[in-house]
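Reading through the structure tokens given below for one structure.
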Amino acid sequence: MILDIFVLWLIILIIAIEPFVSNRSLMFGVRIHGEKYDEIEFRKIRERYRNLVLAFGIILSLLYWLISTIYESELIFILTAVLLLVFAVVNYKIAYDKTKKVKESYNWKSSENKVVIDTNFRNDKVALNNKWYLIHIGVIVIASYLCFSRYAMIPEEVPVNMNSNGDFTIYMTKDKVLFITLLIQFFTFALMFAIHQAIKNSKQDLSGDLNNLESERKILMTLSKLIYGIFSLVQIFFFISILSYCQIITYEKSIVISQAFFIIFTVGLIISLFVILKRYKNISVGSKSYVDDDKYWKYGIIYFNKNDPTVVIKKRYGIGVTFNFGNKITYVICSFIIVITVALVMFL
Amino acid sequence: MVIIVDLNSETPIYIQLQNQIIKAIAKSELKCGDTLPSVRQLASDLGVNLHTVNKAYNNLKQEGFLTVNRRKGVNVNAKEVYQANEEYLKALDEEMDILVTKAIVRGISAEELEEKIRKIYESVGE
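Quick note, the sequences are listed as chains L and C, same order. For the first sequence, this note's numbering gives the first residue as 1, with consecutive numbering after it. For the second sequence, this note's numbering gives the first residue as 349, with consecutive numbering after it.
So, in structure tokens, the structure goes:
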């Protein structure tokens with residue numbers, strides 16, 4: 001219960017501070033002149049957005065607390081999360097529209113729409129070295145070896161789910177569980193590999209100013225490390241469960257270890273988010289570096305550019321990657337991912 | 349090499365690209381054997397169509413400045429390959445003819461025109 005509310009507020013705070021920590025030339029997904037960021041009209045929009053999120057958060061968590069003292073159901077938390085999500089989207093859209101309106105009133109000339117690139121951009125490292133993949137491959141190989149060598153020792157039925165009282169609720173046959181676990185480990189690796197290749201070939205986002213070259217490289221490098229960290233955690237989770245299936249550690253121990261990793265990961269994630277955002281703030285914001293790319297970003301977040309052959313593109317805020325929905329290949333990849341996910345879920 | 353493309357300019361993007369690469373070669377920023385990004389990479393970086401970059405590279409290839417190889421990528425040719433030959437001189441004469449005639453019609457003297465040519469030579473550093 002306390003943990004639920006803690007998680008809820010973590011999300012609420014992230015939503016609330018988002019426009020205050022992002023790049024000064026980007027507000028609610030709308031490109032603006034960096035030096036106008038502190039103008040009263042823009043400040044008002046940001047403050048109103050934040051106050052609304054906080055007010056809604058307080059009401060929502062009170063409601064959640066009240067209802068969950070009466071009923072006990074996992075559904076309540078899911079419903080609360082959905083409500084928060086819907087609110088966040090609506091609130092963002094309102095702020096986006098308002099920012100756009102204010103921007104239009106400034107009537108900025110788009111004559112400065114110049115793209116600057118350096119052909120030597122990728123001569124310096126922008127992503128982690130390939131040898132880091134070896135660790136993941138090693139983990140998968142060890143996990144497969146353990147499954148085969150200790151196959152006879154694994155009980156026929158393996159627990160895969162636990163309720164909040166610590167009792168196992170769902171059991172599955174060992175063949176199924178081992179196969180799915182190893183498959184997920186492999187897909188985790190494949191996905192990480194694909195994203196890393198995308199980062200290596202990522203578009204240079206210099207905001208029309210060569211001085212941003214170094215910081216852009218650093219942003220990509222940090223992003224690469226962040227992705228590696230997230231996927232390594234998933235890999236560790238499944239490796240720990242393999243260890244517990246093979247009776248090397250007890251189920252109880254595996255859960256404690258997973259939780260410890262989860263906490264370390266969350267702290268690491270928050271730190272790296274701040275590092276990336278700080279780097280992004282440092283990107284120069286003079287009027288010279290104003291490149292209006294709004295028309296390619298629907299609602300400020302969905303990239304749609306038919307002319308651009310890029311498939312995977314870095315998000316505008318610098319954290320994470322997204323697809324170019326103007327490219328046909330994107331739809332092929334997306335349907336492939338959906339088919340695999342659906343197949344896995346049906347299989348389970 | 350730094351490439352700057354003005355997306356709002358009336359000059360087509362492939363011509364902007366072409367001109368900048370020729371300028372970089374003239375200024376020795378690009379030397380014989382230097383590699384340029386692949387068509388896909390450059391188009392992706394600039395956020396422009398593959399055909400745009402392809403057109404620029406192909407034109408430069410035809411003029412002898414670049415070698416475009418699927419495997420080895422895009423490389424700058426040796427000076428000997430694109431040095432002025434008869435064919436080029438003939439094309440130059442034609443282009444100069446119309447350019448200079450236009451200038452004469454608009455009342456620009458021979459000295460002024462010479463001065464302009466000298467300035468271009470100086471800017472390239474020849």
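Glycine included, C-beta positions come from ideal geometry on N, C-alpha and C.
Practice task
With DSSP as the reference, label L:I354 as helix, strand or coil.
Solution key: Chain L is shown only over 1 to 348; residue 354 of chain L falls outside these bounds and no answer can be derived.
Exercise for the section: State the beta-bridge partners of L:E157 as determined by DSSP. Expected result: Position 157 of the first sequence, counted from the start, is the residue given in the question as residue 157 of chain L. L:E157 pairs with L:T173.
Handout entry: Pairwise C-alpha distance: C:L447 and L:K100
Key = In the first sequence, counting from the first residue as 1, residue 100 of chain L sits at position 100. In the second sequence, counting from the first residue as 1, residue 447 of chain C sits at position 99. Computed Cα separation, rounded: 46 Å.
Handout entry: Three-state class that DSSP yields for L:W108 in the structure shown
Key = On the first sequence, residue 108 of chain L is found 108 positions in, with the first residue counted as 1. Note: L:W108 maps to coil in three-state DSSP.
Problem - Terminal residues of the beta strand (DSSP E) in which L:V312 lies - result: Here residue 312 of chain L corresponds to residue number 312 of the first sequence, with the count starting at 1. Note, L:V312: beta strand (DSSP E), V312 to K314.
Handout entry: For L:V53, the nearest candidate out of L:V21, L:W9 and L:I76 (CA to CA)
Key = As a position in the first sequence, residue 53 of chain L is number 53, starting the count at 1. Cα-wise, what sits closest to L:V53 is L:W9.
Practice task
Please indicate yes or no: does the CB of L:L60 lie closer than 7 Å to some heavy atom of the ligand PLP?
Solution key: In the structure on display, the ligand PLP does not appear, and there are no ligands present to speak of.
Practice task
Output yes if chain C places a C-beta closer than 8 Å to the C-beta of L:D294; else output no.
Solution key: The sequence position of residue 294 of chain L within the first sequence is 294, counting from 1. False, the Cβ-Cβ gap to chain C never drops below 8 Å.
Problem - Endpoints, beta strand (DSSP E) assigned at C:V510 - result: Outside the displayed range of chain C (349 to 474) lies residue 510 of chain C, so it cannot be described from this structure.
Problem - Contact belief for L:F274 with L:T181 at Cβ below 8 Å, rounded distance in angstroms - result: On the first sequence, position 274 is the one that residue 274 of chain L refers to. On the first sequence, position 181 is the one that residue 181 of chain L refers to. 33 Å between Cβ atoms; not a contact.
Exercise for the section: For chain C, find out if any of its Cβ atoms is closer than 8 Å to the Cβ of L:Q204; answer yes or no. Expected result: Along the first sequence, one-based indexing puts residue 204 of chain L at 204. Yes, L:Q204 counts as interfacial toward chain C.
Handout entry: the region 205-223 of chain L in contact with the region 242-259 of chain L per 3-pair CB rule at 8 Å
Key = no
Exercise for the section: Please classify L:L344: does DSSP put it in a helix, a strand, or coil? Expected result: Here residue 344 of chain L corresponds to residue number 344 of the first sequence, with the count starting at 1. Helix.
Practice task
Please state if the CB of L:L223 and the CB of L:F265 are separated by a distance shorter than 8 Å.
Solution key: Residue mapping note: residue 265 of chain L aligns to position 265 of the first sequence, counting from 1. Residue mapping note: residue 223 of chain L aligns to position 223 of the first sequence, counting from 1. No.
Exercise for the section: Determine the direct distance from the alpha carbon of C:K379 to that of C:L414, and round the result to whole angstroms. Expected result: Reading the second sequence from its first residue, position 66 is the one you call residue 414 of chain C. Reading the second sequence from its first residue, position 31 is the one you call residue 379 of chain C. For C:L414 and C:K379, the distance between alpha carbons rounds to 11 Å.
Problem - CA nearest to the CA of L:V7, picked from L:I70, L:I78, L:E104 and L:N327 - result: In the first sequence, counting from the first residue as 1, residue 7 of chain L sits at position 7. Ranking L:I70, L:I78, L:E104 and L:N327 by Cα distance to L:V7 puts L:I78 first.
Practice task
Assign L:Y303 to one of three DSSP states: helix, strand, or coil.
Solution key: Taking the first residue of the first sequence as 1, we reach residue 303 of chain L at position 303. Correct three-state label for L:Y303: strand.
Exercise for the section: Within its chain, find whatever has a CB closer than 7 Å to the CB of C:N402; leave out the 5 residues flanking it on each side and keep chain order. Expected result: Sequence index remark: in the second sequence, residue 402 of chain C carries index 54 (1-based). Within the same chain, C:N402 has close Cβ partners V387.
Practice task
Report all residues from its chain with a CB closer than 6 Å to the CB of C:Y430; omit the five preceding and five following residues, and keep chain order.
Solution key: Within the second sequence, residue 430 of chain C is the residue found at index 82, counting from 1. Correct list, in chain order: G412 and F413.
Practice task
Counting only the same chain and skipping the five closest in sequence on each side, list residues whose C-beta sits under 6 Å from that of C:K368.
Solution key: Taking the second sequence and counting its residues from 1, the one referred to as residue 368 of chain C is at position 20. One point to set straight first is that residue 368 of chain C is Gln, not Lys, in the sequence displayed. Result list for C:Q368: I351, in chain order.
Exercise for the section: Quick one: using the 10 Å Cβ neighbour count with 16 as the cut-off for buried, is L:S287 buried or exposed? Expected result: The residue labelled residue 287 of chain L in the question sits at position 287 within the first sequence. The pLDDT assigned to L:S287 is 44, lower than 50, so where the model puts this residue is not dependable, and the model offers no usable value.
Exercise for the section: Compare the beta carbon distance of L:L60 and L:L83 with 8 Å and say whether it is the shorter of the two. Expected result: In the first sequence, residue 60 of chain L corresponds to position 60, counting from 1. In the first sequence, residue 83 of chain L corresponds to position 83, counting from 1. Yes. Within cutoff.
Practice task
Output yes if chain C places a C-beta closer than 8 Å to the C-beta of L:S287; else output no.
Solution key: Along the first sequence, read from residue 1 onward, the residue named residue 287 of chain L stands at position 287. Confidence at L:S287 is low in this model, with a pLDDT of 44, below 50, so the placement of that residue should be treated as unreliable; the coordinate-derived value is given next. L:S287 does not count as touching chain C.
Practice task
Answer yes or no: do L:Q235 and L:Q197 have a C-beta to C-beta separation smaller than 8 Å?
Solution key: Counting from one through the first sequence, the residue named residue 235 of chain L turns up at place 235. Counting from one through the first sequence, the residue named residue 197 of chain L turns up at place 197. No, the Cβ-Cβ distance between L:Q235 and L:Q197 is not below 8 Å.
Exercise for the section: Kindly say whether C:G395, judged by its beta-carbon, lies nearer than 8 Å to any beta-carbon of chain L. Expected result: As a first step, residue 395 of chain C is located in the second sequence; it is residue number 47 there, counting from the start. Yes, its Cβ sits closer than 8 Å to a Cβ of chain L.
Exercise for the section: Would you decide whether L:C147 is buried or exposed? Buried here means 16 or more other CB atoms lie within 10 Å of its CB. Expected result: Here residue 147 of chain L corresponds to residue number 147 of the first sequence, with the count starting at 1. Answer is buried; the Cβ neighbour count reaches 16.
Practice task
Quick one: list the residues of chain C neighbouring L:V116, beta-carbon separation under 9 Å, in chain order.
Solution key: Numbered from 1 along the first sequence, position 116 holds the residue referred to as residue 116 of chain L. Within 9 Å Cβ-Cβ: V350, I351, I352 and V353.
Handout entry: Limits of the unbroken beta strand (DSSP E) element including L:N123
Key = Residue numbering aside, residue 123 of chain L sits at position 123 when the first sequence is read from its first letter. First-last for L:N123: undefined, no H or E at that position.
Handout entry: Interface flag, C:L398 vs chain L, CB-CB below 8 Å
Key = In the second sequence, the residue the question calls residue 398 of chain C occupies position 50. Taking Cβ atoms only, chain L reaches closer than 8 Å to C:L398, which makes this a yes.
Practice task
Please confirm if C:S392 has its CB atom under 8 Å from at least one CB of chain L.
Solution key: The residue given as residue 392 of chain C occupies position 44 in the second sequence. So yes, C:S392 belongs to the interface.
Practice task
Could you name the residues of chain L that C:L384 contacts, counting a contact when the two beta carbons are closer than 8 Å?
Solution key: In the second sequence, counting from the first residue as 1, residue 384 of chain C sits at position 36. In chain order: T119.
Handout entry: Near-chain C residues of the region 220-237 of chain L (beta-carbon distance less than 9 Å), N- to C-terminal order
Key = none
Exercise for the section: Taking only the alpha-carbon atoms, compute the straight-line gap between L:L13 and L:I154 and give it to the nearest angstrom. Expected result: Residue numbering aside, residue 13 of chain L sits at position 13 when the first sequence is read from its first letter. Residue numbering aside, residue 154 of chain L sits at position 154 when the first sequence is read from its first letter. So the two alpha carbons sit approximately 44 Å from each other.
Practice task
Kindly provide the ranges of any alpha helix (DSSP H) runs that are 4 or more residues long and lie completely inside the region 1-42 of chain L, ordered along the chain.
Solution key: 2-21
Problem - C-beta neighbour in chain C for L:I310, strict 8 Å - result: As a first step, residue 310 of chain L must be located in the first sequence, where it is residue number 310. As written in the sequence, residue 310 of chain L is Thr, which differs from the Ile given in the question. Yes, its Cβ sits closer than 8 Å to a Cβ of chain C.
Exercise for the section: State the start and end residues of the unbroken beta strand (DSSP E) segment that holds C:T400. Expected result: For the purposes of this step, residue 400 of chain C is taken as the residue at position 52 of the second sequence. Where C:T400 is concerned, there is no enclosing beta strand (DSSP E), although the alpha helix (DSSP H) it sits in stretches over L398 to Q410.
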